[in-house]
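**Student:** There's a structure below that I have some questions on.
There are 2 protein chains.
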Amino acid sequence: MNKANQISKSKNHTAVNIGSLEQLADHTLIHPVNKQLVVGKVFLKDITEATGSEISFNTLPPKTELSYFHFHEQNEETYMILKGSGDFQVDDDCFPISEGSVIRVAPKGIRCMRNTSEKAMIYIVVQSKEDSLQQYTTNDGGKIDYERKW
Amino acid sequence: MNKANQISKSKNHTAVNIGSLEQLADHTLIHPVNKQLVVGKVFLKDITEATGSEISFNTLPPKTELSYFHFHEQNEETYMILKGSGDFQVDDDCFPISEGSVIRVAPKGIRCMRNTSEKAMIYIVVQSKEDSLQQYTTNDGGKIDYERKW
Numbered sequence: 001m002n003k004a005n006q007i008s009k010s011k012n013h014t015a016v017n018i019g020s021l022e023q024l025a026d027h028t029l030i031h032p033v034n035k036q037l038v039v040g041k042v043f044l045k046d047i048t049e050a051t052g053s054e055i056s057f058n059t060l061p062p063k064t065e066l067s068y069f070h071f072h073e074q075n076e077e078t079y080m081i082l083k084g085s086g087d088f089q090v091d092d093d094c095f096p097i098s099e100g101s102v103i104r105v106a107p108k109g110i111r112c113m114r115n116t117s118e119k120a121m122i123y124i125v126v127q128s129k130e131d132s133l134q135q136y137t138t139n140d141g142g143k144i145d146y147e148r149k150w
Numbered sequence: 151m152n153k154a155n156q157i158s159k160s161k162n163h164t165a166v167n168i169g170s171l172e173q174l175a176d177h178t179l180i181h182p183v184n185k186q187l188v189v190g191k192v193f194l195k196d197i198t199e200a201t202g203s204e205i206s207f208n209t210l211p212p213k214t215e216l217s218y219f220h221f222h223e224q225n226e227e228t229y230m231i232l233k234g235s236g237d238f239q240v241d242d243d244c245f246p247i248s249e250g251s252v253i254r255v256a257p258k259g260i261r262c263m264r265n266t267s268e269k270a271m272i273y274i275v276v277q278s279k280e281d282s283l284q285q286y287t288t289n290d291g292g293k294i295d296y297e298r299k300w
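As they're listed, the protein sequences go chains A and B.
Position 28 (the first sequence) corresponds to 28 in this note's numbering; numbering is contiguous.
Position 55 (the second sequence) corresponds to 205 in this note's numbering; numbering is contiguous.
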């Protein structure tokens with residue numbers, strides 16, 4: 001079950017709260033292909049009505065590894081490790097990861113990871129279409145005067 | 151200065167470590183437009199060689215607010231609050247945020263936020279082009295047998 005609560009919505013935004021990182025294990029979902037229960041994962045695209053990326057918060061229990069390698073067709077993935085430590089593998093390259101590690105993987109990269117620590121690994125994955133970003137940050141943004149409502 | 155260290159790289163990935171969330175304030179950069187020093191922010195696109203999103207880790211000190219409202223031309227933004235609490239505003243809608251809040255803002259949304267808590271607010275922003283994601287998650291990914299190197 002998805003424990004996210006919607007907190008605000010208008011034509012220009014959708015906001016939810018998924019709870020604290022320690023509560024991530026309360027989120028479960030049924031894997032759409034193999035129909036198995038997945039614990040400690042929440043996908044944000046549908047609940048925030050995003051159209052440019054699929055973001056997920058994920059939990060990997062202590063001393064466990066992802067059960068399979070995978071690749072993508074169109075999408076680049078960026079993994080951000082918030083808690084825990086272990087190893088990440090892309091193709092034949094295997095390297096240690098810990099809090100603050102950020103791994104950008106091209107679609108064809110064959111990837112897997114494991115948590116060798118005594119605590120749950122918590123990580124975020126951002127999936128976006130490779131080569132889709134045309135302009136960014138100050139080139140795409142603009143300041144504007146507006147009234148604060150707080 | 152950017153304290154990120156590259157930890158691994160191949161044709162299919164680039165991995166860095168930016169340090170723990172508590173060390174985020176060690177990251178500084180010069181704002182490309184107004185040339186002012188920005189403390190506690192690190193952009194990931196260039197250092198991870200990403201092409202589908204610009205991701206940043208950000209710090210907002212206790213009892214402070216962003217100094218201006220802004221909007222975007224092409225890009226959707228998703229804000230993820232990891233620590234701290236306060237308020238977020240999109241156009242005329244103002245709502246409370248805390249750990250676990252996720253806010254997706256359309257390009258035209260005029261946005262600002264403040265941290266009303268006694269600790270630093272830490273948040274991640276993902277910038278990606280609106281309507282750029284064509285397929286995602288299990289529709290875009292595929293399992294593959296591969297040898298673990300750990």
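Each residue gets a CB set at the ideal place from its N, CA and C atoms; glycine is no exception.
Predicted, not measured: the structure shown is a model, and the values here were computed from it.
Which residue comes first and which comes last in the alpha helix (DSSP H) that contains residue 198 of chain B?
**Tutor:** Where residue 198 of chain B is concerned, the enclosing alpha helix (DSSP H) stretches over 195–198.
**Student:** Under 8 Å between the Cβ atoms of residue 201 of chain B and residue 130 of chain A?
**Tutor:** Yes, these two residues count as a Cβ contact at 8 Å.
**Student:** For residue 270 of chain B, which residues in chain A fall below 7 Å Cβ to Cβ?
**Tutor:** Within 7 Å Cβ-Cβ: nothing; residue 270 of chain B doesn't reach chain A, min ~16 Å.
**Student:** Taking only beta-carbon atoms, is residue 167 of chain B less than 8 Å away from chain A?
**Tutor:** Interface residue, yes.
**Student:** Look up residue 67 of chain A in the DSSP assignment and give the residues it is bridged to.
**Tutor:** Beta-bridge pairing links residue 67 of chain A to no other residue.
**Student:** Buried or exposed: where does residue 109 of chain A fall if 16 or more other Cβ atoms within 10 Å of its Cβ makes it buried?
**Tutor:** Buried, by the Cβ-count rule.
**Student:** Need the endpoints of the beta strand (DSSP E) that residue 292 of chain B sits in, please.
**Tutor:** Element bounds for residue 292 of chain B: 291–294.
**Student:** With respect to the beta strand (DSSP E) encompassing residue 226 of chain B, which residues constitute its N-terminal and C-terminal limits?
**Tutor:** Residue 226 of chain B -> beta strand (DSSP E) spans 225–233.
**Student:** Between residue 85 of chain A and the rest of its own chain, which residues show a CB-CB distance below 8 Å, the 5 nearest in sequence each way excluded?
**Tutor:** Cβ neighbours of residue 85 of chain A beyond the five flanking positions: 96, 97, 98, 99, 115, 116, 117 and 121.
**Student:** Is the distance from the Cβ of residue 166 of chain B to the Cβ of residue 173 of chain B below 8 Å?
**Tutor:** No, these two residues do not count as a Cβ contact at 8 Å.
**Student:** CB residue 177 of chain B to CB residue 153 of chain B, shorter than 8 Å?
**Tutor:** Contact flag set, yes.
**Student:** By Cβ distance below 8 Å, which residues in the same chain neighbour residue 252 of chain B in space, the five residues on each side in sequence not counted?
**Tutor:** Closer than 8 Å at Cβ, skipping near neighbours: 228, 229, 230 and 231.
**Student:** Buried or exposed: which applies to residue 140 of chain A, given that a residue is buried once 16 or more other Cβ atoms fall within 10 Å of its Cβ?
**Tutor:** The residue is buried, with at least 16 neighbouring Cβ atoms inside 10 Å.
**Student:** For residue 120 of chain A, does the three-state DSSP call read helix, strand or coil?
**Tutor:** Coil.
**Student:** List the residues of chain B whose Cβ lies closer than 7 Å to the Cβ of residue 105 of chain A, in chain order.
**Tutor:** Correct list: 162 and 163.
**Student:** Quick check on the burial criterion: 16 or more other C-beta atoms within 10 angstroms. Buried or exposed for residue 20 of chain A?
**Tutor:** Exposed, since its Cβ has fewer than 16 Cβ neighbours within 10 Å.
**Student:** For the region 119–144 of chain A, which residues have a CB atom closer than 8 Å to at least one CB atom of chain B, in sequence order?
**Tutor:** Within the region 119–144 of chain A, the residues whose Cβ lies closer than 8 Å to some Cβ of chain B are 124, 126, 127, 128, 129, 130, 131, 132, 133, 134, 135, 136, 137, 138, 140, 141, 142, 143 and 144, listed in chain order.
**Student:** By Cβ distance below 8 Å, which residues in the same chain neighbour residue 199 of chain B in space, the five residues on each side in sequence not counted?
**Tutor:** Result list for residue 199 of chain B: 164, in chain order.
**Student:** Would you list the residues sitting across from residue 23 of chain A in a DSSP beta bridge?
**Tutor:** For residue 23 of chain A, which the question treats as bridged, DSSP gives no partner whatsoever.
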